[in-house]
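Novice: Sharing a structure below in structure tokens format, with a few things to ask.
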Amino acid sequence: MKKEAALIKTRLIQLLSDSARYIAFQVLWMWLSLAGQIILIWSFTGLLRSALEGSMGSPEILRAAGLIALGIILRTAGDRQASRASFKASVDVKRILRDKIYAKALRLGLTYRETTPTSEIVQMAGEGVEQLEVYFGKYLSQFFYALLAPFTLFIFFLPVCFPAALLLLVCVPLIPAVIVLVQKIAKRILSKYWDIYLSLGDSFLENLQGMTTLKIYMADKERQKSMDQESEHFRQVTMKVLQMQLNSIIVMDVIAYAGAALGMLVALWQLTAGKIDFSAAVMVIWLAAEFFIPMRRLGSYFHVAMNGMAASDRIFAFLDLPEPEQKTGAIDPEQTDLVMQGMHYTYPGASSEALRGAGIQCPRGSFVSIVGPSGCGKSTIARVLTGRIRDYSGKVWIGKSLLSEISEDSIVRNITLAAADSYLFKGTVEEQLLLADPKADKARMWSVLRAVNLESFLLTQDGLQTRLTEGASNLSGGQRQRLVVARALLHDSPIYIFDEVTSNIDAGSEEMIMKAIRHLARTKTVILISHRLANVTGSDCIFMMEGGRVAERGTHDQLMHWGGKYASLYQSQIQMEQYALNLENRKAAEETAAGSVPDPQEKELSQSEPRILSLEPAEEAGDLPGPASRFTEEYQEFLNRNADAQNRNDDGPAEEPDGRPAAGPGVRRSGLTIMKELIGQIRPLQPVMIQAVLFGVLGHLCAIFLTVLAAEKMIAVLGSFGFGVAFTGRVPLIGRLSWTAFTAVLLLTAVMRGVFHYLEQYRNHLIAFRILAIIRHKVFAAMRRLCPARLEGRDKGDMIALITSDIEQLEVFYAHTISPIAIALLTSSVMVIFIGLQHPLAGMLALAAYLVVGAVIPLTLGRRSAGPGVELRARFAAINSLVLDSLRGLEETIRFNGGPARREKLADRSRRMSASGNRLNLLEAAAFAVSDLAVLGFSAAMLALMLCLFSQGNVDFLQTVTAVTAMMGSFGPVLALSALSSGLSQTLASGDRVLDLLAEKPETEEMIRGEAPDFTGARVCDVTFSYRKDRAEPVLSGYSAEIPMGRIIGIHGPSGCGKSTLLKLLMRFWDTDQGRILISDTDIREINTWSLRCMEAYVTQETSLFHTSVADNISLGSSYADRDQIIEAARAASIHDFIMTLPKGYDTMVGELGSTLSEGEKQRIGLARAFCHDGAFLLLDEPTSALDALNEGVILKAVREMQDRSPRTIV
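The following block contains the structure:
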């Protein structure tokens, strides 16, 4: 893409569509506002001239009053309507860009991860698009207005003072010249800034998703140090960007104020020469700055717009990525014989082939199974058949059509895939099912739920309206898998592929699912990929794979008869299952002989112990009698409670079904409370803040007194003409200076305005960026403290918004709120005194004006905009969450052709956000109009007061002009507060979200000074636990178990019965409600947390991998592990041989979220990590669910050998 150096980015302009008219309206309204300002100055000048000449009568007053009213109307209406048009100019563009980004992701499919991290797309669709609001809403219109305004003023000044008009017009182009120069210098820096900003979000998302793993192995502190380093790097680059911007600001300030000063000097020289009259000189002095304000404001917008343009470069780079060639072929549903021949495929970055000449045949209506050890290529075949992998070699026919020529639309309509890693979206169960068949009725949905053994559980919830969190994290692993299968069964297609769909499911549910799959195979082509060979015995043909090839094929009986690899794998699995059955039988016999005293070697969570309830009714849960378990219901409600808290604390108001915000539980902080807590962060930097305030006050006084000095010099010139009616004989001090000295003073004042402004802004931002780095540190520390219990159920996209855009939003507070308030207070105090020296009544009027503009209006607007501000931040976070959820489930969206519906949902969220922004913009526009009305009204009132006092002889003409000039030029600091109040509502909403997280209490407090015993065993003593403390029926009720040292303990039961809960209690992720857990005869709540983590290792159901090397992922278990220890752990986890086939072996980088690895390979790396930790107490939660029998046997053998070498307890 060609780099553009122009001030207007052509490609962005092409997105305008209907928004162009709003930019035109905005320019028109701004021009009318300028016209109103000219009329006001003309009218004010006319009144002063009449007073000076002693000719002011009723006709003159009435005529001037009418013109003043017209000017005020044009000014206020122009500013209000320009603000409205500004908002509307950017709304459609942002929605269009978000849609383009997601549509591009859909066309790229999962290949987008090869070039663009997921978090980067989330940030591009969120903050990146929002950055363009200034470009479209303000910069473009200001660009055209900045060209129009100086020429308008030049034409007006031509008959007034041609030399001054010409000089001012000539100086104006110097500002855009500076802008162009800055752009050339800044483009590279801003690109680097945006890269680091996106990288920060990417690192945060990775660490957030793997936070539980980091805490288990005590690696979270080191990750925080890494995040702090990234944050500091980002701060340093931001400061470079700031320095570049401030360097240009000082140049533009000097040009603007020095140019205005030169124009004033020319007018004064013309007045001295008698070439212009008093009124012409006054108009030049009062309007000279208006020549430069449009260009100066363009420069300010340009600095912000450059962030948006840098973001757009990344957006367009993503949109320009090459897409897979669109195919036009189609599958004939009546001819679905499937033949694969000579398939070869190598994953990007891999050194060995995943498929090495593999071939399978699946006649239409057949039931075919693919089996083999983990990593042999089974899932790769599924990806090929479903079109997820296109760049293979070999041929695949479906009927008479080559797969390589079939369109994606035809593939997704005719082939359904349900995989172990299939994604479930945030929403309701009904929404998950309707993705597969939008026309499905409730009866059909309940039918497939019944087929996968989910009906009884959902009936205890909200039925089809049961809410799921992001990734369905509020369901157990088995329940998620069953819902995935139910969704697939609802999608009517001639071919079905089931890839390890029973890996996390209990035996009873597994049998029901297999029954449904076998029933489906009567009329459809079914390909089953399974590591559990008992499920494939009834297949028409079984393909046994090894090393990317088909090693054997045939029916179960044939393969067993040949006694090859399949038979060996099958026998291994049967032996393992027989071993487990023998343990069950021995346990039952011993309990019967001992009067049902449980064997300490093996504890079963089942209805045989009435204190633990099973999940499903007896006939649907592995013949376990009793009512439905409360575990998943309790856990889901706990996570829903977290989600409610997120709506209140992190996401703003929740949403009603119609999209309106709903009040969340709890009381939100007041704006003053938020400000007080945020201000408390800057105490160490108070000296810097004082400097910023001092420089700010001096800068504003320079800007104000630039016109005051010129006005007083004008009065001195008039005094030399002998206007007796105007003076009392007093000559202003400035009038006593020579022209050379006065010129030097005026130009020095103009230059110092730029210098002081630079110093003020530099110190404000120095404070802001240091504080933001500290806050990022505190936020990550809070997440470490809250993990895992308090972070479960929270949307990751929302958390990305918090750590990036919400914290960046606080820059407005630290850089543009605290010091401006002090600056406005001090500057206004100085001006009240100065104006009061002209006359006490004038001082009182000035005080009233500053209070109204700087306090009454901002506070009133602040109260009214607080709700819309919170709502807008909530909508923004919701968009981030939706984009991340959509990207995580991109493959499912493509499989079920859900792209259009998902895009509409994103568009709907964008419209809701726009509606919130519109409500806030209405208030902002009204505030601008009211502020303008107040400023102009008080300026007119000051003129009227001073003319009245002048006519009565209470003040002279010098005092009159000085007071009016000072009043008109001194509203800048208080207007900044008035303009700030609307944006401050969003800032405070962001601050509230951040403070909520920092103040949130963890479920369990870490013990710093607790006991540190050596592990000698564990006991669960009469434990009762519930995720919801207000529920009468707990998950665990009076449960007790003995876990002796050096034993392997099995915990059995159907999915969702509470097995994982017990392990989490043993890790002290939660504390028990009643009873105790003892580790080495010490209450777990009294054990030092670091000591507890040292003795425990925990392998969760889902393995989190980080985008580092394979060795680093394994050594996460122990920071002291050397390469030999890493290899030993990998051998124990049966993953060493696979690692050695990778391009760089143990130094190979793991793809984003381990997407380059199979589920079994991920699981084995997770096990190697736990083995590397070498803790005395090893907790394994379904550690081999995605593994074949041989690898499972190797791992279990390794576990046994590990236990023999060094006695430890394994659960």
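When we follow our numbering, the leftmost residue of the sequence shown carries the number 198, and every step to the right adds one. Where is the CB? At the ideal position from N, CA and C, for every residue including glycine.
List the endpoints of the continuous alpha helix (DSSP H) containing Met424.
Specialist: On the sequence shown, position 227 is the one that residue 424 refers to. Residues 417-469.
Novice: Let me check one thing: in DSSP terms, what residues is Met741 bridge-paired to?
Specialist: Counting from one through the sequence shown, the residue named residue 741 turns up at place 544. Looking at the DSSP assignment, Met741 forms a beta bridge with Val568, Glu749.
Novice: Do Ile879 and Ile964 have their C-beta atoms within less than 8 Å of each other?
Specialist: As a working mapping, residue 879 is identified with position 682 in the sequence shown. As a working mapping, residue 964 is identified with position 767 in the sequence shown. Against a cut-off of 8 Å, the Cβ pair of Ile964 and Ile879 comes out as a contact.
Novice: Within 10 angstroms of the Cβ of Tyr1317, are there 16 or more other Cβ atoms? Answer buried if so, exposed if not.
Specialist: As a working mapping, residue 1317 is identified with position 1120 in the sequence shown. Its Cβ having fewer than 16 others within 10 Å, Tyr1317 is exposed.
Novice: Look at the Cβ atom of Leu264, then the Cβ atom of Ser283, and state whether they are nearer than 8 Å.
Specialist: In the sequence shown, residue 264 corresponds to position 67, counting from 1. In the sequence shown, residue 283 corresponds to position 86, counting from 1. Their beta carbons are not under 8 Å apart, which means Leu264 does not touch Ser283 by this criterion.
Novice: Output the distance between the C-alpha atoms of Arg1092 and Ser670, rounded to the nearest integer angstrom.
Specialist: For this step, residue 1092 is matched to residue 895 along the sequence shown. For this step, residue 670 is matched to residue 473 along the sequence shown. Cα-Cα distance, rounded: 22 Å.
Novice: Starting from Glu1293, trace the beta strand (DSSP E) in both directions and tell me its first and last residue.
Specialist: What you label residue 1293 is simply residue 1096 of the sequence shown in a count that begins at 1. Residues 1293-1296.
Novice: Is Lys285 buried or exposed, if buried means 16 or more other CB atoms sit within 10 Å of its CB?
Specialist: Within the sequence shown, numbered from 1, the residue matching residue 285 stands at position 88. Counting Cβ neighbours within 10 Å, Lys285 comes out buried, since at least 16 surround it.
Novice: Under a three-way DSSP split, which group does Ala1238 fall into?
Specialist: Numbered from 1 along the sequence shown, position 1041 holds the residue referred to as residue 1238. Here Ala1238 sits in strand by DSSP.
Novice: State the Cα-Cα distance for the pair Gln558 and Val536, rounded to the nearest angstrom.
Specialist: Here residue 558 corresponds to residue number 361 of the sequence shown, with the count starting at 1. Here residue 536 corresponds to residue number 339 of the sequence shown, with the count starting at 1. Cα-Cα distance, rounded: 5 Å.
Novice: Under 8 Å, do Ser1078 and Leu1120 count as touching if we go by C-beta distance?
Specialist: Here residue 1078 is taken as the residue at index 881 of the sequence shown, counted from 1. Here residue 1120 is taken as the residue at index 923 of the sequence shown, counted from 1. No; because the gap between Cβ atoms is not below 8 Å, this pair is not in contact.
Novice: Going by the beta-carbon positions, is the gap between Phe401 and Ile997 smaller than 8 Å?
Specialist: One-based indexing of the sequence shown puts residue 401 at position 204. One-based indexing of the sequence shown puts residue 997 at position 800. Their beta carbons are under 8 Å apart, which means Phe401 touches Ile997 by this criterion.
Novice: Below 8 Å, how does it come out for the segment 955-964 and the segment 627-643: are there three or more Cβ pairs, yes or no?
Specialist: Taking 8 Å as the limit for Cβ pairs, the verdict is that the segment 627-643 does not touch the segment 955-964.
Novice: Which residue marks the beginning of the alpha helix (DSSP H) containing Tyr219, and which one marks its end?
Specialist: What you label residue 219 is simply residue 22 of the sequence shown in a count that begins at 1. Residues 216-250.
Novice: What is the DSSP secondary structure of Glu989, reduced to helix, strand or coil?
Specialist: Sequence index remark: in the sequence shown, residue 989 carries index 792 (1-based). Coil, per DSSP.
Novice: Helix, strand or coil for Phe1010? Go by DSSP, reduced to three states.
Specialist: Against the sequence shown, residue 1010 aligns to sequence position 813. In this structure, Phe1010 counts as helix in the three-state DSSP scheme.
Novice: DSSP puts Ile557 in a beta bridge; with which residues?
Specialist: If you number the sequence shown from 1, residue 557 lands on position 360. Beta-bridge pairing links Ile557 to Met537.
Novice: How many Å lie between Phe977 and Gly951 at the Cα?
Specialist: By 1-based counting over the sequence shown, the position of residue 977 is 780. By 1-based counting over the sequence shown, the position of residue 951 is 754. About 39 Å.
Novice: With a CB to CB cut of under 6 Å and the five nearest residues on each side skipped, what residues in its chain are close to Val448?
Specialist: Counting from 1 along the sequence shown, the entry for residue 448 is found at position 251. Answer for Val448: Val375, listed in chain order.
Novice: CB Gly1051 to CB Leu1174, shorter than 8 Å?
Specialist: The residue given as residue 1051 occupies position 854 in the sequence shown. The residue given as residue 1174 occupies position 977 in the sequence shown. For Gly1051 and Leu1174, yes; Cβs fall inside 8 Å.
Novice: Below 8 Å CB to CB, which residues in the same chain sit around Gly624 once its five sequence neighbours on both sides are set aside?
Specialist: On the sequence shown, position 427 is the one that residue 624 refers to. Result list for Gly624: Arg664, Leu665, in chain order.
Novice: Short of 7 Å in beta carbon distance, which residues of its chain neighbour Gly1342, apart from the five on each side in sequence? Order them along the chain.
Specialist: By 1-based counting over the sequence shown, the position of residue 1342 is 1145. Contacts found: Ile1336.
Novice: Leaving out five residues on either side along the sequence, give the residues of the same chain with a beta carbon under 6 Å from the beta carbon of Gln798.
Specialist: To locate residue 798, count along the sequence shown from 1; it is residue 601. Confidence is the limiting factor: at Gln798 the pLDDT is only 36, short of 50, which leaves the residue's position unreliable, though a coordinate-based value still follows. Cβ within range, chain order: Arg1244.
Novice: Within 10 angstroms of the Cβ of Thr525, are there 16 or more other Cβ atoms? Answer buried if so, exposed if not.
Specialist: The sequence position of residue 525 within the sequence shown is 328, counting from 1. By the neighbour-count rule (16 or more Cβ atoms within 10 Å), Thr525 is not buried but exposed.
Novice: For the beta strand (DSSP E) containing Ser590, list its first residue and its last residue.
Specialist: If you number the sequence shown from 1, residue 590 lands on position 393. From DSSP, the beta strand (DSSP E) with Ser590 extends over 590-595.
Novice: Given Gly1095, which residues of its chain have a CB within under 7 Å of its CB, disregarding the five upstream and five downstream residues?
Specialist: Your numbering for residue 1095 matches position 898 in the sequence shown. Result list for Gly1095: Leu632, in chain order.
Novice: Around the Cβ of Glu816, are there at least 16 other Cβ atoms within 10 angstroms (buried) or fewer (exposed)?
Specialist: Position 619 of the sequence shown holds residue 816. With a pLDDT of only 33 at Glu816, under the threshold of 50, the placement of this residue in the model should not be trusted; the figure read from the coordinates follows. Its Cβ having fewer than 16 others within 10 Å, Glu816 is exposed.
Novice: Going straight from the alpha carbon of Phe939 to that of Arg1108, what length do you get?
Specialist: The residue you call residue 939 lines up with position 742 of the sequence shown. The residue you call residue 1108 lines up with position 911 of the sequence shown. Cα to Cα, Phe939 sits roughly 57 Å from Arg1108.
Novice: Give me the Cβ distance between Val593 and Ile739, rounded to the nearest whole Å; I'm assuming they're in contact under 8 Å.
Specialist: For this step, residue 593 is matched to residue 396 along the sequence shown. For this step, residue 739 is matched to residue 542 along the sequence shown. That belief does not hold up - the Cβ atoms of Val593 and Ile739 are roughly 19 Å apart, past 8 Å.
Novice: Quick one: Cα of Ser1223 to Cα of Phe654, how far?
Specialist: The sequence position of residue 1223 within the sequence shown is 1026, counting from 1. The sequence position of residue 654 within the sequence shown is 457, counting from 1. Whole-angstrom Cα-Cα distance: 17 Å.
Novice: Does the segment 597-609 come within contact of the segment 741-760, defined as at least 3 CB pairs closer than 8 Å?
Specialist: The answer is no - the segment 741-760 does not touch the segment 597-609, with fewer than three Cβ pairs under 8 Å.
Novice: With a 10 Å radius around its C-beta and 16 neighbouring C-beta atoms as the bar for buried, classify Phe348 as buried or exposed.
Specialist: As a working mapping, residue 348 is identified with position 151 in the sequence shown. Phe348 should be labelled exposed.
Novice: Would you check if the segment 241-255 and the segment 1097-1111 touch, i.e. whether three or more CB-CB distances between them fall below 8 Å?
Specialist: Segments in contact, no.
Novice: Is the beta carbon of Glu1293 closer than 8 Å to that of Leu1376?
Specialist: For the purposes of this step, residue 1376 is identified with residue 1179 of the sequence shown, where counting begins at 1. For the purposes of this step, residue 1293 is identified with residue 1096 of the sequence shown, where counting begins at 1. Yes. Within cutoff.
Novice: According to the Cβ coordinates, are Ala970 and Arg432 closer than 8 Å?
Specialist: Counted from its first residue, the sequence shown places residue 970 at position 773. Counted from its first residue, the sequence shown places residue 432 at position 235. Yes, Cβ-Cβ distance for Ala970 and Arg432 is below 8 Å.
Novice: List the residues that DSSP assigns as beta-bridge partners of Cys1412.
Specialist: For the chain, the structure presents residues 198 to 1408; residue 1412 sits outside this window and is missing.
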